[in-house]
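Okay, so the sequence shown: first residue is 325 according to this note's numbering, each after it adds one.
Ideal Cβ positions, reconstructed from N, Cα and C, are used throughout, including at glycine.
Treat the numbers as computed from the prediction; the structure is a model and nothing was measured.
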Amino acid sequence: MPSAVRPGPSKRKRRIHASLLWMILAVVVLSVGGVWLERGRNTDLIDGKDSVTSAFTGVEYTDSPIRYADVSAEVGLEFQHGPGKRRRLLPEDTGSGLAWGDYDGDGDWDLYVANFPGAKAGESAHNALFQNNAGHFLEVALQAGVADAEGFGMGAGFADYDDDGDLDLFVTNDGPNRLFQNQGDGTFVDVAQEAGVRGDEWSCGLAWGDVDRDGDLDLYVCNYLQYEVSLDEAASAGATQFGAASVPFTLNPNAFDPAPNELYLNTGSGTFVESAEALRVDNPQGRSLAVTLCDLDGDGWLDLYINNDVSTNRLYRNLSGRQRPDGSTPLGFEDVSPVTGTADPRGSMGLSLAEMGAMEGKYDGLPDLFITHWIAQENALYQSLRYPGGRFEYRDKTRQRRLGEIALDQVGWGCALIDMDLDGQLDVVVNNGSTLEENDDASRLQAQPMFLFHAQGGLFQEVSQTAGPACVEKRWGRGLAAADYDGDGDVDLALLDNRHGVVLLRNDTEQEHGFLKVRLEGPAAKVFGAAVEVVTPSGPQKRWMGADVSYLSMHAPELVFGLGSHSQVAEVRVLWADNTEQRLQNVEPGLLRVSY
């Protein structure tokens, strides 16, 4: 029997339906464009010069006092990162970071730089350790035993985990991680296997802190993807990424399962116990890149905030201080990301924190968060809000502070909240670099300039255009670590250029203001996560030691406070990580060492 045939819709109705479909499609594209745009290729929207997003930035460069100069060659920082030519391997596009620390105890900051490729890529390369000798650097990684020539270096962080008085070094790899124990004679020994922190995943960011407040320093490690790709697969991969032809699956993080994170609890006897899953902080769907351990709610216990790529970020609140009916206070965490407004679904890389509320007269003493993102997703400034009863949440102040639209064309990585001109207001620094290929050369990424956001009257002005030639140079930016390497009181910047190596930007701003540099001396478990509040007639400033983690990097473990026009500090308050408090009155500018 013939089937019944119904008349189709009229041409007019078909046009209406088509229009509605296009409208719906437009909404969908705008909603998810932030994810697609970075993964795509050869589109007008992401062309670094004439992109559509540049129409939204409203950038107006004005002169400012901020000046930085590239002194890398002058001070001996000669270093080649990677092979100089990419091979469409995601780990190569993702790394690497760098870390400041005084490993030899001579009073100035030395610099460790993660590198690749190692054995996995079949080429010779190793990490670098630059020993600082009065402002000039000597590369000593091989002699010191921290070259890790077999590793595929991602991130690094110094800490005295064994409390023997010198800094040890943890290095994350795409593959087994390293825990280099300082022998006290300028050399290190890898004890990762014996200590139980070796791991075999693709690890990225890390954070130190005493999460259980037992007096020993614990370690949290971000793992990214379960990534198993050979060079042959990378060279021949023909799969598409988000519909963009010629971009292989080897560069798409969604093509790989996430790897759960690790929380290593220090036993106090030189070993660690991995406890992330047991404490429900393994973040198994996260694809994690950065993490901070900091008391985010002000209850005296270190919480966790984790940056995830193509997955929502996570804020794990430490519940260990809350007493059960039986009187016990067991270690435990809860995920409060949704209720605090921090479940950010964008691709998040760099992470910095400090108390920023003073900019608008809303100083609450809790850390605010700055997060860098993928292209077309803006960076984010989350301001904390404290409520009675211990409740807290965050509000997105990015556009209100003029940090948002200008970043739409860039991919942000390493970052820092520092006072570039010591005027008492925190500025924002971002190391940018795309993961999009050059249109005419798939072995090269599109280079991008950095951001220098100068705080002016409650708003930020991007001033890199007038800060010196080194600040407008385009790079494959990744890690960033801040330190006063030359001891003159202002903050210098070390940048990782994925294509070339290390760039050391010396702060040459003509300083008209005083400063207070705070170094905390005591057991590492008391120092990491400690809060330092400096009070001047202009008001309080507050930072947290070791909590401003950047991207795969570690800033120097000292806090530099700009004093503006003030010649004295009324009070310095130190709240150590175990909740012990110290107060010092009428403090002179300069270097202040506070002992536990």
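The beta-bridge partner set that DSSP reports for D472 is empty. Secondary structure of D417 (DSSP, three-state): helix. When the five nearest sequence neighbours on each side are left out, the beta carbons in the same chain lying within less than 6 angstroms of the beta carbon of G792 are those of R391, Y392 and A393, in order along the chain. As for any beta strand (DSSP E) of minimum length 3 sitting wholly inside the segment 856–914, the runs are 863–868, 883–888, 893–899 and 905–911, ordered along the chain. Taking 7 angstroms as the cut-off, the Cβ atoms of S420 and G477 count as close. Inside the segment 635–712, DSSP marks whole alpha helix (DSSP H) runs of 4 or more residues at positions 661–664, from first to last along the chain.
In the three-state scheme derived from DSSP, where H, G and I count as helix and E and B as strand, S388 is classed as coil. A straight line joining the alpha-carbon of L541 with that of E679 spans about 24 angstroms. An exposed status is given to L466, since fewer than 16 other beta-carbon atoms sit within 10 Å of its beta-carbon. Of all alpha-carbon atoms in H824, V918, Q789 and M744, the one lying nearest the alpha-carbon of R830 is that of M744.
For E717, the enclosing beta strand (DSSP E) begins and ends at F716 to D720.
If you draw a straight line from the Cα of K721 to the Cα of F512, it comes to about 44 angstroms. Counting along the chain, no alpha helix (DSSP H) covers K841; the unbroken beta strand (DSSP E) around it starts and ends at G838 to E845. Looking at the DSSP output, L503 bridges to F494. Between D417 and T696, the gap from beta carbon to beta carbon reaches 7 angstroms or more. Look at the beta carbons and you see the segment 606–618 touching the segment 629–646: at least three pairs across the two are nearer than 8 angstroms.
Between L639 and S672, the gap from beta carbon to beta carbon reaches 7 angstroms or more.
Non-local C-beta neighbours of T591 in its own chain, meaning closer than 8 angstroms and more than five positions away in sequence, comprise D540 and V597, ordered along the chain. When the alpha-carbon of K798 is set against those of V815, A771, Q785 and H450, the nearest one is in A771. The beta-carbon separation of V754 and G728, rounded to 12 angstroms, does not stay under the 8 angstroms limit for a contact.
Assignment of beta-bridge partners to C546 by DSSP yields no partner. Comparing alpha-carbon positions, the option among R723, Q707, Q724 and R725 lying closest to E717 turns out to be Q707. Around the CB of E882, 16 or more other CB atoms lie within 10 Å, so the residue is classed as buried. Under the 10 Å beta carbon count, D765 is surrounded by fewer than 16 other beta carbons and is classified as exposed. Closest option to Y436, judged by alpha-carbon separation, among L462, L413 and V787: L462. Close CB contacts of D486 within its chain, under the 8 angstroms cut and outside five residues either way in sequence, are with D492, Q505 and G594 (chain order). Counted as a single uninterrupted DSSP element, the alpha helix (DSSP H) harbouring Q517 occupies residues A516 to A519. Comparing alpha-carbon positions, the option among F784, R537 and G406 lying closest to L626 turns out to be R537.
With a 10 Å radius around the Cβ and a threshold of 16 neighbouring Cβ atoms, Y711 comes out exposed. A direct Cα-Cα distance of roughly 21 angstroms separates Q892 from S919. In this structure, the CA atom of R410 is about 13 angstroms from the CA atom of Q404. Per the coordinates, the alpha-carbon of V615 lies some 7 angstroms from the alpha-carbon of L628. Unbroken beta strand (DSSP E) stretches of 3 residues or longer found wholly inside the segment 765–852: 765–769, 775–780, 783–786, 801–807, 816–821, 826–831 and 838–845, given in chain order. Closest by C-alpha distance to N903, out of D509, D514, L603 and G622, is G622. In the structure shown, the three-state DSSP call for S919 is strand. For V399, the enclosing alpha helix (DSSP H) begins and ends at S396 to V399.
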